[in-house]
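So the protein sequences, as listed, match chains A and B.
Position 118, counted from 1, in the first sequence is what the working numbering calls 118; the numbers after and before it change by one each time, with no gaps.
One gets the working numbering by counting positions in the second sequence from 1 and adding 265 to each.
Ideal Cβ positions, reconstructed from N, Cα and C, are used throughout, including at glycine.
This report refers to the structure that appears directly beneath it.
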Amino acid sequence: MSEPFLMRALLAGLGLAVIAAPLGCFVVWRRMAYYGEAVAQAGLIGIAAGLALSLNLTASVLVVTLAVSMLLVVLSRQQLVPFDSLLGLLAHAALAIGVILASLVRGPQLDLMAFLFGDIFAISATDLKWIYVGGALALAALVYVWRPLLSLSVHEDLAAAEGTQVERVKFIFVLVLALVVAIAIKIVGVLLTIAFLIMPAAAARPLSETPEQMALFAAIFGSLSVALGLFLSVSLDTPGGPSIVLMLALFFVAAILPTVLRGRR
Amino acid sequence: MDAHNVQGDLPQLAPARHTHDHHPHPELDAGPPLAHDADALIGARSLWLTRSGRAILQGVDIDISSGEILTLIGPNGAGKTTLVRVLLGLEPPDQGTIQRKPGLIVGYVPQRFEVDRAIPLTVARFVELGRRAEPEEIERVLADVGAGKLGDRQLSELSGGELQRAVLARALIGSPGVLVLDEPVRGIDYAGEAELYTLIGRLRSERGFGVLLVSHDLHVVMAQSDRVVCLNRHVCCSGVPESVAQHPEYARLFGAQAARAFALYHHHHDHRHDLAGEPQSPAGTDRSTSERA
């Protein structure tokens, strides 16, 4: 682990694991996995725009994820098309537009894989700053809305009747999600970002008695998966992002297996 | 969102035709919108609400007074739940005003409470999730609703009746001035239902809060009700339970059989007022609560 690129990869992955854990719990609780997927896939448009205009890619992705989040807030108010269908539509339209834009910008020899699955070994010092500063901001915002967000995730009307500022809290959550997705795309790519959010949380659920415990276990599973995934990647020369996600999947299976074997819970 | 002091459109903005010229009960009409009763915990005047072209509330006036149990009955689709949501500030009315006593704390028991198993949550934590509370208060409200031993259990492990008590305990945190219960008996059996109403009646006596109780069945709630408002998009009739049960409008809405069955459930009360004393004028003239020990 003396190689600087490996050190940066580890720091990036661990940072993301800690940020993604509590946020991922809310994505699971609020059933927003598909929502997150749509926002993440739209990130590819941001990458293409960033490449075309030679901008910082995380910044240009952030602009797009924020814009798509706003769009979804507006679109969620219509009821003609079910929201999950709309999310699927948007996710794949965005993916198609992103791939087309990227290939127009860079030509057919563009390494799409790096954007779809991330390139954790190419993390720069600037990327690390994004992860840690942006991540600290995201965590602070999440701590700030933790209690009302938890309350409205349990029962929205009850929370609203008790005086929770439901729309405001949900809005902050959506912004935090857009920020973390933008940070994560550089590391695990547009296709694996949501996995990095929901898999540690899902693995943590069977072991947890409180919401905070679930976030803590998720952070532990995420961090261990990063370390083990990078080790696997270096040992067998497998791609970094998918190797981490494989470890997350194994943790999930190990965590849920006793429950499944015991019967229903 | 300013859910705690909703001031909708001014009542005089209501078109003139809204003053009930088509109202089936002119004798109960109060004419132009009444002023708000300053003593009411939550008061509403001339609430109108239309959704998808369907009129749901048509000029509803209602007041919840301190210490009284006000029961809202009405057939399915009468707008009971919508009225509750409007009173709670969860939905804005198209027209009309809602006034809340300043600083009023509202305890709410929603109609449907489905536990999300994805969220690990103990009962104690759930109870103080809306309004913060010290461990002593959590223990006290849980004991008050007969759920003293449930604090450490997971919410997802509770039975229907236990869950109902947990939700009621949450509503009691912070000493609410008013408790709003929207058909709180869904999913529990008849014995549990009667027990729950007795519990609410006892808590009201001990704590003195006002209660708005929504029910589809007058008979089971009447022993605990001080005043009944019968809603069918507008207020059909209101008064003490006995008078509402004998009101022709009640018989029309619920059928003659329901009105006859009522006799079987009839309890003896020493209320002195009659319907004439309670003509849609909820201006705090009905103070029957002191009669109920």
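Just checking: is the beta-carbon of residue i within a distance shorter than 8 Å of some beta-carbon in chain A?
| i | result |
| --- | --- |
| L353 (chain B) | yes |
| R390 (chain B) | yes |
| Q419 (chain B) | yes |
| V371 (chain B) | yes |
| A383 (chain B) | yes |
| P357 (chain B) | no |
| T315 (chain B) | no |
| L306 (chain B) | no |
| T559 (chain B) | The structure shown does not extend to residue 559 (chain B), since chain B spans only 266 to 558, so no value can be given for it. |
| P400 (chain B) | no |
Would you say residue i reaches chain B, if we count a Cβ-Cβ gap shorter than 8 Å as a contact?
| i | result |
| --- | --- |
| A9 (chain A) | no |
| W29 (chain A) | yes |
| S76 (chain A) | no |
| M70 (chain A) | no |
| E37 (chain A) | no |
| D157 (chain A) | yes |
| M32 (chain A) | no |
| L150 (chain A) | yes |
| Q79 (chain A) | no |
| E3 (chain A) | no |
| M199 (chain A) | no |
| A174 (chain A) | Looking at the sequence itself, residue 174 (chain A) is Val, so the reference to Ala does not match. No, V174 (chain A) does not count as interfacial toward chain B. |
Please return the same chain residues whose Cβ sits closer than 7 Å to the Cβ of residue i, not counting the five positions on each side in sequence.
| i | result |
| --- | --- |
| Y462 (chain B) | V485, V486, Q489 |
| V371 (chain B) | L353, P441, V443, V445 |
| G24 (chain A) | L197, I198, P200, A201, A218 |
| W29 (chain A) | S153 |
| E402 (chain B) | I438 |
Roughly how many whole angstroms lie between the Cα atoms of residue i and residue j?
| i | j | result |
| --- | --- | --- |
| L66 (chain A) | V432 (chain B) | 36 Å |
| S223 (chain A) | A33 (chain A) | 20 Å |
| R147 (chain A) | F196 (chain A) | 23 Å |
| Q277 (chain B) | Q360 (chain B) | With a pLDDT of 33 at Q277 (chain B), under the threshold of 50, the modelled position of this residue cannot be trusted; read the value that follows with caution. Roughly 10 Å separates the two Cα atoms. |
| G308 (chain B) | V406 (chain B) | 27 Å |
| A434 (chain B) | P340 (chain B) | 28 Å |
| Q323 (chain B) | L314 (chain B) | 7 Å |
| A42 (chain A) | L250 (chain A) | 28 Å |
| L16 (chain A) | R310 (chain B) | 53 Å |
| R537 (chain B) | G413 (chain B) | Low confidence applies to R537 (chain B): its pLDDT is 38, below 50, so where it sits in the model is not reliable, and the reading given next is rough at best. About 39 Å. |
| L62 (chain A) | G135 (chain A) | 13 Å |
| S357 (chain B) | V351 (chain B) | The residue asked about is misnamed: residue 357 (chain B) is Pro in this sequence, not Ser. About 6 Å. |
| P4 (chain A) | V81 (chain A) | 49 Å |
| E460 (chain B) | R469 (chain B) | 14 Å |
| L529 (chain B) | A516 (chain B) | With a pLDDT of only 44 at L529 (chain B), under 50, the local geometry of the prediction cannot be trusted, and the value read off the model is given with reservation. Roughly 15 Å between the two C-alpha positions. |
| E514 (chain B) | E458 (chain B) | 26 Å |
| V493 (chain B) | E448 (chain B) | 14 Å |
| Q364 (chain B) | P400 (chain B) | 33 Å |
| R472 (chain B) | P242 (chain A) | 59 Å |
| A91 (chain A) | V27 (chain A) | 17 Å |
| L464 (chain B) | G425 (chain B) | 16 Å |
| A38 (chain A) | D454 (chain B) | 44 Å |
| P544 (chain B) | G504 (chain B) | Residue placement at P544 (chain B) cannot be trusted, given a pLDDT of 35 that sits under 50; what the coordinates show is reported in the next sentence. Roughly 8 Å between the two C-alpha positions. |
| H499 (chain B) | I45 (chain A) | 53 Å |
| S225 (chain A) | Q165 (chain A) | 36 Å |
Can you list, in chain order, the residues of its chain whose CB lies under 6 Å from that of residue i, leaving out five sequence neighbours each side?
| i | result |
| --- | --- |
| R418 (chain B) | V388 |
| S421 (chain B) | V380, R382 |
| A48 (chain A) | G98, L101, A102, V105 |
| P506 (chain B) | M487, S490, V493 |
| L261 (chain A) | none |
| C501 (chain B) | C495, E514 |
From the beta carbon of residue i, is the nearest beta carbon of chain C less than 8 Å away?
| i | result |
| --- | --- |
| G395 (chain B) | No chain C appears in this structure, whose protein chains are A and B. |
Might you give, ordered along the chain, the residues of its own chain that have their beta carbon closer than 8 Å to the beta carbon of residue i, omitting 5 neighbours on each side?
| i | result |
| --- | --- |
| E162 (chain A) | S151 |
| P258 (chain A) | P206 |
| P239 (chain A) | M113, F117, S233 |
Check whether the Cβ of residue i lies closer than 7 Å to any heavy atom of the ligand ATP, and answer yes or no.
| i | result |
| --- | --- |
| A102 (chain A) | Ligands displayed in this structure: none; no statement on the ligand ATP is therefore possible. |
So, do the segment 328-340 of chain B and the segment 388-397 of chain B have three or more beta carbon pairs nearer to each other than 8 Å? no
Validate contact between the segment 14-34 of chain A and the segment 187-200 of chain A using beta carbons, cut 8 Å, 3 pairs: yes
Is it the case that the segment 334-353 of chain B contacts the segment 469-479 of chain B, given that we only count it when at least three CB pairs across the two stretches are under 8 Å? yes
Is it the case that the segment 185-192 of chain A contacts the segment 213-223 of chain A, given that we only count it when at least three CB pairs across the two stretches are under 8 Å? no
Measuring CB atoms only, is the segment 165-172 of chain A touching the segment 106-121 of chain A, in the sense that at least three cross pairs come out at less than 8 Å? no
Does the structure place the segment 377-389 of chain B close enough to the segment 144-158 of chain A that three or more beta carbon pairs sit under 8 Å? yes
So, do the segment 99-108 of chain A and the segment 66-79 of chain A have three or more beta carbon pairs nearer to each other than 8 Å? no
Could you give the uninterrupted runs of the alpha helix (DSSP H) lying entirely in the segment 344-416 of chain B, keeping only those of 4 residues or more? 345-353, 388-392, 400-409
Alpha helix (DSSP H) runs contained entirely in the segment 468-502 of chain B, provided each spans 4 or more residues: 483-486
So within the segment 142-176 of chain A, which uninterrupted alpha helix (DSSP H) runs reach at least 4 residues, ignoring any that extend past its ends? 156-161
Suppose only complete runs of 4+ residues qualify. What are the alpha helix (DSSP H) ranges in the segment 22-90 of chain A, listed by chain order? 33-53, 57-75
Fully enclosed by the segment 302-347 of chain B, which beta strand (DSSP E) runs are 3 residues long or longer? 307-316, 319-329, 334-338
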